[in-house]
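**Q**
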Amino acid sequence: MLALVRAATVLLYPRTEDLPGAEDCDLDAFLTRYRDETTPLVWVGVVLGAIVFHLTPILTVKVPLPAFWLPPKLADRHADAIATTDSYLLRQAVFLVKLVAGLAWASHPEVRKRFALAPLEADPDTWRTE
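Heads up, the sequence shown is in my numbering, so the first residue is 42 and it goes up one at a time.
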């Protein structure tokens, strides 16, 4: 399931000329840690959101392929269309993936540097022990 979430994240946060993509931001380590530290219900929601994202190109770009098999331009059109669809249920399912992807992307030092922000301090891992 981690691979489905990773693939959706990479398509939702692609690399551009000016900014790194999610795949450039130590995504595997972030997703593994997120899965291990979040509640099972939240992780199931993220996985279901990724499944919705990958199965809906037939609705958005009229191509009967999963999103991870789409060419880059078509995948980008699909990502935009599913994130702005009128269907609240589909839009919110994909939003769960975008939320986690955004946390991974925006916390990466290279992304923060491009926005003239200081890197985040290391997580002290104290909330469980206090």
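Glycine is no exception: its CB is placed at the ideal position from the N, C-alpha and C atoms.
If you're wondering where the values come from, they're calculated on a predicted model, not measured in any experiment.
Can you tell which of His119, Val93 and Pro61 has its C-alpha closest to the C-alpha of Gly143?
**A** Mapped onto the sequence shown, residue 143 falls at position 102. Nearest option by C-alpha distance: Pro61.
**Q** Are at least three pairs of beta-carbons, each pair with one atom in the region 87-103 and one in the region 130-150, less than 8 Å apart?
**A** yes
**Q** Do you know offhand how far Phe71's Cα is from Ala145's?
**A** Taking the first residue of the sequence shown as position 1, residue 71 is located at position 30. Taking the first residue of the sequence shown as position 1, residue 145 is located at position 104. In a straight line, the C-alpha of Phe71 is about 6 Å away from that of Ala145.
**Q** Apart from the five residues just before and just after Pro113, which ones in its own chain have a Cβ nearer than 8 Å to its Cβ?
**A** Walking along the sequence shown from the start, residue 113 turns up at place 72. So the qualifying residues of the chain are Pro55.
**Q** Measuring straight from C-alpha to C-alpha, what distance separates Ala63 and Leu111?
**A** Sequence index remark: in the sequence shown, residue 63 carries index 22 (1-based). Sequence index remark: in the sequence shown, residue 111 carries index 70 (1-based). Their backbone Cα atoms lie some 18 Å apart in a straight line.
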